[in-house]
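*Asks:* Per the numbering used here, the sequence shown starts with residue 2, numbered consecutively.
C-beta atoms are modelled at their ideal positions from N, C-alpha and C, and glycine is treated no differently.
Quantities reported herein were computed from a predicted structural model and do not represent experimental measurements.
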Amino acid sequence: MSALAAPNEVVTRALLRQVNVPGLDRPAALITLDNGFDHTKPNSFGPGGLTSLDEAITAALAADPAFVAVTGKPYIFCVGADLTSLPQLADREQALEIGRLGHRVFARLKDSQVPTFAFVNGAAMGGGLELALHCHYRTLSGGASALALPEVSLGLVPGWGGTQLLPNLIGIPAATQVILQNPLMQNKMLRPKQAAELGIADVLLEPADFLERSLEWAAGVVRGEVTVTRPEVDKDMWAGVLYFARQTLDQRLHGAVPAAYRALDLLETAKDADFATGTAAEDEALADLIFSEELRSGLYAFDLVQRRAKRPAGAPDKGLARPVTKVGIVGAGLMASQLALLFARRLQVPVVMTDLDQARVDKGVAYVHTQIEKAVSKGRMDKGTAAKLYGLVSGSVDKAAFADADFVIEAVFEDLNVKKQVWAELEKIVSPEAVLATNTSSLSISAMAAELEHPERVVGFHFFNPVAVLPLLEIVRGERTDDATLATAFAVGKQLKKSSVLVSDAPAFVVNRLLTRFLGTVFAAVDAGTPLDVANAALDLLGLPMRPLALLQLVGPAVAHHVGGTLHAAFPDRFAVSENLKRIAEAGQPIVVDDQINDEVARLLVVGDAPLTAEQVRQNALDALAQEIRLMLDEGVVAEAQDIDLCMILGAGWPFHLGGVTPYLDRTGTSERVTGRRFLPHGAASLPA
Numbered sequence: 002m003s004a005l006a007a008p009n010e011v012v013t014r015a016l017l018r019q020v021n022v023p024g025l026d027r028p029a030a031l032i033t034l035d036n037g038f039d040h041t042k043p044n045s046f047g048p049g050g051l052t053s054l055d056e057a058i059t060a061a062l063a064a065d066p067a068f069v070a071v072t073g074k075p076y077i078f079c080v081g082a083d084l085t086s087l088p089q090l091a092d093r094e095q096a097l098e099i100g101r102l103g104h105r106v107f108a109r110l111k112d113s114q115v116p117t118f119a120f121v122n123g124a125a126m127g128g129g130l131e132l133a134l135h136c137h138y139r140t141l142s143g144g145a146s147a148l149a150l151p152e153v154s155l156g157l158v159p160g161w162g163g164t165q166l167l168p169n170l171i172g173i174p175a176a177t178q179v180i181l182q183n184p185l186m187q188n189k190m191l192r193p194k195q196a197a198e199l200g201i202a203d204v205l206l207e208p209a210d211f212l213e214r215s216l217e218w219a220a221g222v223v224r225g226e227v228t229v230t231r232p233e234v235d236k237d238m239w240a241g242v243l244y245f246a247r248q249t250l251d252q253r254l255h256g257a258v259p260a261a262y263r264a265l266d267l268l269e270t271a272k273d274a275d276f277a278t279g280t281a282a283e284d285e286a287l288a289d290l291i292f293s294e295e296l297r298s299g300l301y302a303f304d305l306v307q308r309r310a311k312r313p314a315g316a317p318d319k320g321l322a323r324p325v326t327k328v329g330i331v332g333a334g335l336m337a338s339q340l341a342l343l344f345a346r347r348l349q350v351p352v353v354m355t356d357l358d359q360a361r362v363d364k365g366v367a368y369v370h371t372q373i374e375k376a377v378s379k380g381r382m383d384k385g386t387a388a389k390l391y392g393l394v395s396g397s398v399d400k401a402a403f404a405d406a407d408f409v410i411e412a413v414f415e416d417l418n419v420k421k422q423v424w425a426e427l428e429k430i431v432s433p434e435a436v437l438a439t440n441t442s443s444l445s446i447s448a449m450a451a452e453l454e455h456p457e458r459v460v461g462f463h464f465f466n467p468v469a470v471l472p473l474l475e476i477v478r479g480e481r482t483d484d485a486t487l488a489t490a491f492a493v494g495k496q497l498k499k500s501s502v503l504v505s506d507a508p509a510f511v512v513n514r515l516l517t518r519f520l521g522t523v524f525a526a527v528d529a530g531t532p533l534d535v536a537n538a539a540l541d542l543l544g545l546p547m548r549p550l551a552l553l554q555l556v557g558p559a560v561a562h563h564v565g566g567t568l569h570a571a572f573p574d575r576f577a578v579s580e581n582l583k584r585i586a587e588a589g590q591p592i593v594v595d596d597q598i599n600d601e602v603a604r605l606l607v608v609g610d611a612p613l614t615a616e617q618v619r620q621n622a623l624d625a626l627a628q629e630i631r632l633m634l635d636e637g638v639v640a641e642a643q644d645i646d647l648c649m650i651l652g653a654g655w656p657f658h659l660g661g662v663t664p665y666l667d668r669t670g671t672s673e674r675v676t677g678r679r680f681l682p683h684g685a686a687s688l689p690a
């Protein structure tokens, strides 16, 4: 074990106690996982934690218990391997050893002659969920915050039995969803009800008395009064499901995520191989992937999302934030309506929308009500909460409704003069302390506030569409935005459960500036004569969430053209205005239909006679990104390269295996070739030099 010692490990102790359960002739052994901290620092397994669990299992079995059960500290079962220890592994043999250690300890629960139970009382991810899968039976709390096998999103595979146990428990279609599909869909988590329906848990229990009910249920199983039946796994469909999954991976990732393909191979092994052979294959995969660049980028990205996003760089003292007791929203269109619902749900304060006429206001309020009704019908909201939200959201054609609002956000047409007019009108109505926030995607906050009596209370508050899904919030400080306004904006962002990044008042801020440069480079290749399908597929090797033209369609050609014009005015040497993009925007035709280029759009184009190869398009796009990021850092648009990556992950859905963007640019040598130096030091998001 000395070779695996992790000096910085926060050891999760396995605490053993004997519990007398009514109806049993001898006590049960209850092992509680607890690292000594509250739920904000979850249980995890490093070498020390695995050793503690091993010792607890030995002691538990020695006492000849009625059964052995494993549970967690309040709100947390276990979230898996201690990821901080992985970069400390010195060689492949150590990586193999950590895999084998986990397998050996967990297998004691699987192979035990005494019945074993997992009482999954809270979040269970990765190795934590794999521990539960090794137990003979599983109870699950309806209050567990999340369940998942997220390893593929980081560049790993479930390496402690998950790829072998799960498909043989719930079937290959559901296992493929949990192990591959969910991690690649922005690391989607399972809710307790979903996990129970899939068959991961044998019984779903209420959280209030979860441990007591779990002990009773386990006693019933031991006495033979409770029979657990599980459907037989259909192995005839195994090959077909995996064939389809591989095709899907090829279409989406084009080999960009090695871990996904290794997970597929392991799922294939699980069909017929004995458990020892399957887990040995997991060990080999784990050892290979631990020393991959993709994993190091994935760990870097994970750290950004879990830590940096919670402590925004440059944010002022939160004690300066003012309370927000009412929110005003200028506009009642789709974006404004989404914002109204979000503010009402998260802040639980009155929200009022205004627009030019009653019909638009009514349509906006009706949208909110419809979304609330859908949430109730799908079981995502109770009727009491729904009734409260109905009462919180209202509409008016009179901006005087904002008189007592503490926070007013506009979501009107993206035109500087229109927005300046809105604020000029509102300043006469709201109090001098009310925060005026703009959801602009590209316009200057400073210019918007320049003629106001109180420009210090204007702040950029840029959401990403769809508002309810994408977690990024770019908070933009204008030249005269004061700390109290900024602190209030960050406090509201936190209440909205968004990850906020402080951005300076630069054209298009971070995500839109980079995506516009990126898409502009691809479209420049089209203008030069590169076939649309070649340009569209040129970036496939990166494994991005969608191809460039699909992204352009999602953003909207008109919006992309408008933002491009704003950036062209600011940086004409780097941001061109494409007449072809303008033609597409004016035609109103979809660019892509069922992942195929629309022939009608192709016929609109007027192109040159200098087509590029896919490799040239890809390298031009990467070069442009590297140049733009370096310029943004030099301009102080954000504090560090880490904030650029955080924005691209949370606002554009760029994957963990790229580390956002700068680790990939470093890894491919693009950063040094284009800008003369790396964005990150060796080892920060890559293997040490």
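State the Cα-Cα distance for the pair P23 and W161, rounded to the nearest angstrom.
*Replies:* Residue mapping note: residue 23 aligns to position 22 of the sequence shown, counting from 1. Residue mapping note: residue 161 aligns to position 160 of the sequence shown, counting from 1. Between P23 and W161, the C-alpha separation is close to 34 Å.
*Asks:* Taking 8 Å as the threshold (C-beta atoms), are L132 and V80 in contact?
*Replies:* Residue mapping note: residue 80 aligns to position 79 of the sequence shown, counting from 1. Residue mapping note: residue 132 aligns to position 131 of the sequence shown, counting from 1. Not closer than 8 Å, so no.
*Asks:* Pull the bridge partners of S77 from the DSSP assignment, please.
*Replies:* Position 76 of the sequence shown holds residue 77. It should be pointed out that residue 77 corresponds to Ile in this sequence rather than to Ser. Looking at the DSSP assignment, I77 forms a beta bridge with A124.
*Asks:* In chain order, what residues of the same chain have a beta carbon less than 7 Å from the beta carbon of G172, not counting five sequence neighbours either side?
*Replies:* On the sequence shown, position 171 is the one that residue 172 refers to. Once the five neighbours on either side are set aside, the close Cβ partners of G172 are V234, D235.
*Asks:* On the premise that P159 lies in contact with L150, defined as a C-beta separation below 8 Å, what is that separation, rounded to the nearest angstrom?
*Replies:* Here the question's residue 150 lines up with position 149 in the sequence shown. Here the question's residue 159 lines up with position 158 in the sequence shown. So it is a contact: roughly 5 Å between Cβ atoms.
*Asks:* Please state the DSSP three-state secondary structure of S3.
*Replies:* To locate residue 3, count along the sequence shown from 1; it is residue 2. Any answer about S3 is weak, because its pLDDT of 41 lies below 50 and its placement is not dependable; what the coordinates show is given next. Of the three classes helix, strand and coil, the one that applies to S3 here is helix, per DSSP.
*Asks:* By how many angstroms is the C-alpha of P8 removed from the C-alpha of T52?
*Replies:* Here residue 52 corresponds to residue number 51 of the sequence shown, with the count starting at 1. Here residue 8 corresponds to residue number 7 of the sequence shown, with the count starting at 1. Looking at the two C-alpha atoms, the distance is approximately 14 Å.
*Asks:* Just to check my reading of the structure: V523 and A536 have Cβ atoms closer than 8 Å, yes? What is that Cβ distance to the nearest angstrom?
*Replies:* Working through the sequence shown from its first residue, we reach residue 523 at position 522. Working through the sequence shown from its first residue, we reach residue 536 at position 535. The Cβ separation is near 5 Å, so the contact holds.
*Asks:* Are the stretch 552-565 and the stretch 617-629 touching by the rule of at least three beta carbon pairs closer than 8 Å?
*Replies:* No: the two stretches stay apart, fewer than three of their Cβ pairs being nearer than 8 Å.
*Asks:* So which of A490, N581, R381 has the shortest CA-CA distance to V527?
*Replies:* Start at 1 with the first residue of the sequence shown, and residue 527 comes out as number 526. Considering only alpha carbons, the answer is N581.
*Asks:* What is the DSSP secondary structure of Q19, counted as helix, strand or coil?
*Replies:* In the sequence shown, counting from the first residue as 1, residue 19 sits at position 18. Looking at Q19 - three-state DSSP - the assignment turns out to be strand.
*Asks:* Pull the bridge partners of E98 from the DSSP assignment, please.
*Replies:* In the sequence shown, the residue the question calls residue 98 occupies position 97. Its beta-bridge partners do not exist; DSSP assigns none.
*Asks:* Just checking, does the stretch 97-108 make contact with the stretch 199-212 on the three C-beta pairs under 8 Å criterion?
*Replies:* Contact fails: fewer than three Cβ-Cβ distances are below 8 Å.
*Asks:* Checking 8 Å against the spacing of the C-beta atoms, do F78 and P116 come in under that value?
*Replies:* What you label residue 78 is simply residue 77 of the sequence shown in a count that begins at 1. What you label residue 116 is simply residue 115 of the sequence shown in a count that begins at 1. No, Cβ-Cβ distance for F78 and P116 is not below 8 Å.
*Asks:* Is DSSP giving A282 helix, strand or coil here?
*Replies:* Looking up residue 282 in the sequence shown gives position 281. It is helical.
*Asks:* Just to confirm the assignment, what range does the beta strand (DSSP E) spanning T671 have?
*Replies:* For the purposes of this step, residue 671 is identified with residue 670 of the sequence shown, where counting begins at 1. Run containing T671: none in the beta strand (DSSP E); it sits in the alpha helix (DSSP H), 671-676.
*Asks:* Relative to the C-alpha of V413, which residue among M336, G677, Q178 is closest?
*Replies:* Counting from 1 along the sequence shown, the entry for residue 413 is found at position 412. Minimum Cα distance to V413 is reached at M336.
*Asks:* Compare the Cα-Cα distances from R57 to each of D39, T355, R109, P456 and report the closest residue.
*Replies:* Here residue 57 refers to the residue found at position 56 when the sequence shown is read from its first residue. With the sequence shown as reference, residue 57 is identified as Ala, and Arg is not the correct amino acid for it. Checked all of D39, T355, R109, P456; the closest Cα to A57 is R109.
*Asks:* Measuring straight from C-alpha to C-alpha, what distance separates P682 and P433?
*Replies:* As a first step, residue 682 must be located in the sequence shown, where it is residue number 681. As a first step, residue 433 must be located in the sequence shown, where it is residue number 432. Approximately 46 Å, taken between the alpha carbons.
*Asks:* Using CA coordinates, which residue listed in A690, A653, V675 is at the minimum distance from M186?
*Replies:* In the sequence shown, residue 186 corresponds to position 185, counting from 1. Taking only the C-alpha atoms, the option nearest M186 is A653.
*Asks:* Identify every run of the beta strand (DSSP E) within the stretch 500-535, keeping only runs that are complete inside it and at least 3 residues long; order them along the chain.
*Replies:* Runs found: 500-505.
*Asks:* How far does the alpha helix (DSSP H) with A29 in it extend, from its first residue to its last?
*Replies:* Position 28 of the sequence shown, counted from the first residue, corresponds to residue 29. No alpha helix (DSSP H) contains A29, which is instead part of the beta strand (DSSP E) from 29-35.
*Asks:* May I ask you to list the residues that DSSP assigns as paired with L437?
*Replies:* Taking the sequence shown and counting its residues from 1, the one referred to as residue 437 is at position 436. For L437, which the question treats as bridged, DSSP gives the partners V409, V459.
*Asks:* Within the continuous alpha helix (DSSP H) that includes S154, where are the two ends?
*Replies:* Against the sequence shown, residue 154 aligns to sequence position 153. That run of the alpha helix (DSSP H) goes 152-155.
*Asks:* Taking the alpha-carbon positions, what's the R514 to L300 distance?
*Replies:* Residue 514 sits at position 513 when you count from the first residue of the sequence shown. Residue 300 sits at position 299 when you count from the first residue of the sequence shown. Their Cα atoms are separated by approximately 26 Å.
*Asks:* Whole alpha helix (DSSP H) runs in the stretch 559-627 with 4 or more residues, listed along the chain?
*Replies:* Runs found: 580-588, 600-605.
*Asks:* Using C-beta distances below 6 Å, list every residue in its chain close to A690, excluding the 5 sequence neighbours before and after it, in chain order.
*Replies:* On the sequence shown, position 689 is the one that residue 690 refers to. Only H683 meet the Cβ criterion.
*Asks:* Provide the residue(s) that pair with G329 in DSSP beta bridges, ordered along the chain.
*Replies:* Taking the sequence shown and counting its residues from 1, one reaches residue 329 at position 328. Partner(s): V353, V409.
*Asks:* Secondary structure at R548, three-state DSSP: helix, strand or coil?
*Replies:* Counting from one through the sequence shown, the residue named residue 548 turns up at place 547. Note: R548 maps to coil in three-state DSSP.
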